[in-house]
Each structure stands twice: as structure tokens, then as C-alpha cells.
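Below is one structure, written out as C-alpha cells, with a few remarks after it.
Protein chains in written order, with the numbering used here: chain S, -8 to 254; chain U, 185 to 428; chain G, 110 to 348.
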């Protein structure tokens, strides 16, 4: 694979981190530059592109009318899918979603769902019969590490930009009217990912750091600082102390990002 | 999760199945239950009934998946169609694919993967009946199956969830608590090394509640660890006792 | 420098066995000056070295070991042999044919076919390449009769016993020839199936009770009892 990292560089990265420094000059808890653009795909109900350093993720949302789940008859439905598009990295192969893209989609989904960011009860058209279904499609366009944070951010940005069609019910039929209302979003869950390298935690790992890391942990927090989703990944481990430290930093970092983006 | 105002904890502070907040469900573990597998284990935790089997280490097929410097661990977590109330399609769901991955990553830190390059170990987990907390029970059983297969390991991996139901932090959530509780935090631990190898969470917890939940889950892991060791030894020690 | 387990006590992976100036021996590992078990087994101390005699393990090839394996593939210029190890072994045609190998003419499957059992010696092995076998010594080659049984390879020393006491007792009592493959595969050849089954039973019992003491006596007693039972049966059928 062409994205192989040399042993010399692996060592450099690990040794620098032990000294509290990173190869790209960042502090251990510093994000790369974050750029968010919304409303870039006209045909989508909502869309956004996020640049996290060189990592680039686009999210488009579509809204359709569908059936609610039987255990939540009064609520709309959220469906998140992620595509690791082959043009984004030499390691991405065409074909059905693999475990990495499924995990990515499910982690993004969990952050939005568990924080109840979307007011699902406002997506109900006819209880038990018709609700709005929100499709969130995550499209990774360039992979330079930390796809989870970039995708979660892009998904939220796209949802904040999503419009629901106006409708009225005539003789039991749903008629779409002209005009839109914004999708009701009440929370802004932000996911912060750490890599464990040389027994230290670093925020927002880039690709080469990911290739050196022993393990990864992603923590999503809500506006009030409560935690709403966590995912550990990678074949290493964390000590209980590291986990609690990560949770604390995740809360601070998420607040910083919300402030920066005026959310 | 949550939003229902159903009472999951009664006035006496007991849960739906009569447990105290920090109490585990009854657990039964047996090691070496499948004769064809290189290692195997069976666990019952509450109504969970789960089988884990190990095949390997063996040569990797297809060959290009082999790694020159370490062995690969492959894991399949699968639920039987009859394991849940409504029949589950036997085709692997997205949930099962994700769980297969996190279970694998919870076991990998425990194995000396570098000992046998170019080989593979297959971990097969079949959930025969599900009652909440299947990923944790699966890890508990699979790590015993690995030890039973004679795979060199740094430690056993014990797993247990904690969570929040009503306003209480509780240990080892069963199905109903998992579905309508406020949060669920599954944790896997290598107790002798104090290493957390699986951590997930969904629901809502404050930082303080999260810390409480993690600590309670770790306590549960340590209790399960003791049971794991007993179950593993029982495979050999019983023979001796019968004899003498 | 404490130790936490006595000799021959059972440990499971992760158990802290000793702390301080010890050396990690078999089935143990060292971290932060602590020795932990990496397999289920019995603790043994050998001066400063801490070993765990594994109750469950699999065979790892070593040069010079005699092993028993099954041919699983007939290749272009040799065979692949399953030796109950993580790696399949290679037996080259040139080693078996004792003359130059002619790929166009020689039909290797007529010499050894899939499913054939062989006794062989490991002549080379390292972690980057599969082990290579040789059958070019007396006593090695294709197996044509007998019974096969498999045990955990770490228990082979138990089957041999102190100075060979166990194995020679079984041979004597059952009249069987017994070949121990160091990969845990055992070939038993006797005058009849009954003798072979008796020897097999004895070996199974050793495997199950390998961690207990006074085993040789118990096995010897078991064989005698079984033999007596068979004599009775014979007498009865004569009557």
C-alpha cells in the first residue's frame, strides 16, 4: 500500500509526542485548521463541506416521506451512511461498505441520535403512518486522518443547513406546498477524537499519527458539556485515568469549536 | 434511548429483576464446550446465552491477507435469528459488523500477535439468546476461548456495562434497562494491567456520572474476571478432584 | 522479590507470578519487572527462571523434531503437510524420490497422496518461511497401519514419563509400538485393534490428568484392570 509510513518517521512522531510536541508543530490538544462551508449542493436538502487540515468530508442530506419505526410512531427517522470514496485514499477500495465505513457511519449516527440534536417529534406527519426520513450521507473526499471528527462536524453542519418541505394534509393525502422550514435542530453535538501514541493522548490525529497510534477514542459532547457518545477503536488500550482525562479535554475542545463556529 | 417515564427502579432502590444498582446478573461460564474448535467457551449472563469458539492460529486464506510481522485476528459476532423477540435476519447487520470490529479490538491488546506472523486466529461468537449487554458477555466468553485454545495472552479480558436508569448509575444493564434507560457504557478490561480495551457509550451522562459509570463497570469487570479464572481452572481441576 | 504462586500451582493468563529479579521463561512474560503467566498451566521455578508448563498449547516447529503429519496438498514439486501447527510444512519431491525429480513425468500423487500419513523430521524452519520436512532417515516415511491420536503437545513429556518410565510401561503392558510425534500426534501400532485401543485409552487418560501426581501407577493399574475385564469377557464368551 502506498500510504505506508517509514519506520524512521514512525519513531520521529512517537519520540516528539513523548516530549509533548508534534511533527506538524501542533500542541497535543490542538486541532488542525477547521473550515466549514454550508449549502454547497443545491439538489440536496442540506449540505456541508468540512476541511480538517487536509482531510475533506462532504455531507449531503435528503428528506423523504416514509414510515416511522413501530416503537417510535410519533418520531421521524434518521439514517446515516458513510462512503469511503476510492478517490480519497489509495487504501479505499470500491465495493460494498466495509467495517471502517460502517463504524464511521454508526459513530456519526450515535452522536446525533443520542444527543437528540434533531427534534424528531416535529418530523411526524401522521402518527404511526407518515414521518419525514432524514438521510445523512457522509462522503469522504480526502483522507488525511481523523475522519470521525470531520464527518461528525460535516453531518451537523449539513443538518443545520437542511430544509424540510412544507406540507398540508388534504383528504388523508400529504400535499407538498411551496416553501421550506428549517429542520428543527436543538443541540450541537461535537465529537473529539484522541489517538494514544507513546502513552500520551493527542487530539485530532492526522493520517501519519493514525498509522503510529496504538488506540483511538472518540467522545461526543452536547452544548451543556454532557457526554452523549463514545467509541474506542484500534488494537491498543487506555488506562482508566486516560479515559477520564480524554472526556474532560473533549468537553473543552467541543466548546471551543462551537464558539468558533458560532453554534 | 430513554424519553419514557417508566419506573425502572422501585422505592426500595431495587431494579425490575430485583437487583441492587451495583449487582451483576447471575453468571454461568463453562470453558471447552465445543470439541471441534481449538478453544471454546459458553456464557450465560441473565438471559444472555452466548457461545464463542476459536480456530487457529492457522495459515491465512486468502494468502494476501497475511501480515509479515504479526498474526491477524478475525472476529465474527453474529446473532441467531431466534435470539431476539422479532426474528432477526441471519444476514450480518451493520450493527453486527460494527460489534465484530469493536470486539476484535477489545481482544487484540490481550494477545501476543507478534509471536506467530503470517497466521490468523478466527473468533466466532454466536448469540443464541440476547438480553442486553451481549457485546460484553461475548468478549468475556471469547477471551476464555482464546485461553482455552492455548493462545499466549497478556491477560484475560473481562467485560461489563454500566449505565444510568432513572437517575441511578447501575451495573450490568439487562434488555429493558438498556432500551429505555438513559445511558449505557460497555467497558472491557485487562484487570491485571488496568487496561481498558473496549469503551463505548450512548445516552447522556454528565462528566461526573460518566466517571461513576466507568468505575462501576470496572468493578463489574473485576468480579467477572474472578469468575473467568475459576471457569478456566475448573476445566482441569475437576478431573483431579474426581480422581482423589 | 516475592513469588505469588507455589511450584505446581495452576495459573491463568495475566496472573502475576513473581516480582523482581526473575527471568521470564516458557509461557510467561515480563513487564515492569513483574513476571506474568501467558497461558493456563502449572508454575515451575528453575533458579531465577519462572516457567509455566502449559495445560493448553499448540505445536511450534523446531528443527530436529520428529513429527507426524497428513498430506493435504500435492503440489507441483512437492507436498504440503498438515503437522498440527500454525504453519503447514513442505516436503520436497527431491527429498522423497532420491533421484532427480522430473516434473513432466513423475506423478507425485502416486508417491504420496492427499490423506496419506507420514512420519518426518523438521529440517529447517524460521518465522519467515514454512517448515521443511525430510523423510530421508530410517523410521521416517509413509505410515501404512496403526491408530492415530492427538494430544496437547506440551503433554508429550508426561506421556514419556521420567526417564521414559511411562511410555515403556504402556508399551510393555499393551505390546504396542508407540511413536510420539513432538507435534502431539501419536501413532500406535499393535498386534490387534484391541491392544491399540487400550494404549490409546491410556494416553487419553494421561492427557486429561497430566497435572496430577502418581499418574504412572494409576495408568498401569487402569491398563491391568482393562486387560482383566477383557479376559473375563473372553472366558464368558467361551462358556
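For glycine and all other residues, C-beta sits at the position ideal for the given N, C-alpha and C.
Note that this is a predicted model, so its numbers are computed, not measured.
Tell me which same chain residues have a C-beta within less than 8 Å of the C-beta of residue 229 of chain S, skipping the five on either side of it? Within the same chain, and ignoring the five residues on either side of residue 229 of chain S in sequence, the residues whose Cβ sits closer than 8 Å to its Cβ are 187, 206, 208, 223 and 237.
Which runs of the beta strand (DSSP E) at least 3 residues long sit entirely within the segment 291 to 374 of chain U? Give them in chain order. Segments of the beta strand (DSSP E) lying fully in the segment 291 to 374 of chain U: 303 to 313, 342 to 349, 352 to 355 and 367 to 374.
Within the same chain, show all residues whose beta-carbon is closer than 8 Å to that of residue 423 of chain U, passing over the 5 residues directly before and after it, in chain order. In this prediction, residue 423 of chain U scores a pLDDT of 48, lower than 50, which makes its location untrustworthy; no coordinate-derived value is stated.
Taking the beta carbon of residue 241 of chain G as the centre, do at least 16 other beta carbons fall within 10 Å, making it buried, or is it exposed? Within 10 angstroms of the beta-carbon of residue 241 of chain G lie 16 or more other beta-carbons, which makes it buried.
Whole angstroms is fine: what's the gap from residue 379 of chain U's alpha carbon to residue 122 of chain G's? About 15 Å.
Can you list, in chain order, the residues of its chain whose CB lies under 6 Å from that of residue 272 of chain U, leaving out five sequence neighbours each side? Cβ neighbours of residue 272 of chain U beyond the five flanking positions: 263 and 265.
Hey, residue 152 of chain S and residue 47 of chain S: beta-carbon distance below 7 Å or not? No, the Cβ-Cβ distance between residue 152 of chain S and residue 47 of chain S is not below 7 Å.
If you drop the 5 nearest sequence neighbours on each side, which residues of the same chain put their C-beta closer than 6 Å to that of residue 144 of chain G? Contacts found: 126, 127, 131, 133, 137 and 159.
Partner residues on chain G for residue 339 of chain U, Cβ-Cβ distance less than 7 Å: Residues of chain G with a Cβ closer than 7 Å to the Cβ of residue 339 of chain U are, in chain order, 122 and 123.
Determine the closest residue to residue 244 of chain G out of G/213, G/262, G/206 and G/236, with distance taken between C-alpha atoms. Ranking the options by Cα distance to residue 244 of chain G, first place goes to G/206.
Span of the beta strand (DSSP E) holding residue 256 of chain G? Annotation for residue 256 of chain G: the continuous beta strand (DSSP E) segment containing it runs 256 to 259.
In terms of alpha-carbon separation, which member of G/249, G/181, G/254 and G/292 lies closest to residue 268 of chain G? Its Cα nearest to that of residue 268 of chain G, the residue G/292 stands out among G/249, G/181, G/254 and G/292.
Positions along the segment 159 to 170 of chain G whose CB lies within less than 7 Å of some CB in chain U: So the close ones are 163, 164, 165, 166 and 167.
In this structure, how does DSSP classify residue 269 of chain U when only helix, strand and coil are distinguished? Coil.
Environment of residue 167 of chain S [buried if 16+ CB atoms lie within 10 Å]: When all chains shown are included, residue 167 of chain S counts as exposed.
Taking only beta-carbon atoms, is residue 387 of chain U less than 7 Å away from chain S? Interface residue, yes.
Roughly how far, in whole angstroms, is the beta-carbon of residue 371 of chain U from the beta-carbon of residue 398 of chain U, given that I think they are within contact range, below 8 Å? At roughly 6 Å, the Cβ-Cβ gap stays under 8 Å, so residue 371 of chain U and residue 398 of chain U are in contact.
Quick check on DSSP: helix, strand or coil for residue 419 of chain U? DSSP, read as helix, strand or coil, puts residue 419 of chain U in helix.
With a threshold of 7 Å between beta carbons, is residue 359 of chain U in contact with chain S? Residue 359 of chain U does not count as touching chain S.
Starting from residue 138 of chain G, find everything on chain U with Cβ-Cβ shorter than 9 Å and list it in chain order. Residues of chain U passing the Cβ test: 296, 336 and 338.
Only counting the same chain, and skipping five residues up and downstream in sequence, which positions put a Cβ closer than 7 Å to that of residue 186 of chain G? In the same chain as residue 186 of chain G, and ignoring 5 residues on each side of it, the C-beta atoms closer than 7 Å to its own belong to 201, 202, 210 and 212, in chain order.
Spatial distance of residue 62 of chain S from residue 26 of chain S (CA atoms): So the two alpha carbons sit approximately 39 Å from each other.
Could you name the residues of the same chain whose beta carbon sits closer than 8 Å to that of residue 284 of chain G, not counting the 5 residues immediately before and after it, in chain order? 299, 300 and 304.
Candidates S/50, S/161 and S/5: which alpha carbon is nearest residue 75 of chain S's? Among S/50, S/161 and S/5, the Cα nearest to that of residue 75 of chain S belongs to S/50.
Please give the ranges of any beta strand (DSSP E) in the segment 164 to 223 of chain S, keeping only runs that are unbroken, at least 3 residues long and fully inside the region. Runs found: 164 to 173, 181 to 188, 191 to 194 and 206 to 212.
Below 7 Å on C-beta distance, what does residue 352 of chain U contact in chain G? Residues of chain G passing the Cβ test: none, with the nearest at roughly 32 Å.
By DSSP, does residue 156 of chain S sit in helix, in strand, or in coil? Looking at residue 156 of chain S - three-state DSSP - the assignment turns out to be strand.
Where do the N-terminal and C-terminal ends of the alpha helix (DSSP H) with residue 102 of chain S fall, by residue? 90 to 105 is the extent of the alpha helix (DSSP H) around residue 102 of chain S.
Which residue's Cα is closest to the Cα of residue 146 of chain G: U/295, U/382, U/402 and U/248? Closest by alpha carbon: U/295.
Mind checking residue 160 of chain U: buried by the 16 CB within 10 Å criterion, or exposed? What the structure shows of chain U is the stretch from 185 to 428, and residue 160 of chain U is not part of that stretch, so it cannot be assessed.
Partner residues on chain U for residue 235 of chain S, Cβ-Cβ distance less than 9 Å: In chain order, 391, 394, 395 and 398 make up the part of chain U whose C-beta sits under 9 Å from the C-beta of residue 235 of chain S.
Cβ closer than 8 Å: which chain U residues qualify as neighbours of residue 231 of chain S? Chain-ordered, the chain U residues with CB closer than 8 Å to the CB of residue 231 of chain S read 378, 380, 398, 399 and 402.
For chain U, is any of its Cβ atoms less than 7 Å away from the one on residue 246 of chain S? By this cut-off, residue 246 of chain S is not an interface position.
Applying a beta-carbon distance threshold of less than 9 Å, which residues of chain U neighbour residue 201 of chain S? The contacting residues do not exist; residue 201 of chain S stays about 14 Å from chain U at best.
Using a Cβ-Cβ distance under 7 Å, would residue 300 of chain U count as near chain G? Judged by the 7 Å Cβ criterion, residue 300 of chain U is in contact with chain G.
Any chance the segment 358 to 373 of chain U sits against the segment 178 to 196 of chain S, with 3 or more Cβ pairs inside 8 Å? No: the two stretches stay apart, fewer than three of their Cβ pairs being nearer than 8 Å.
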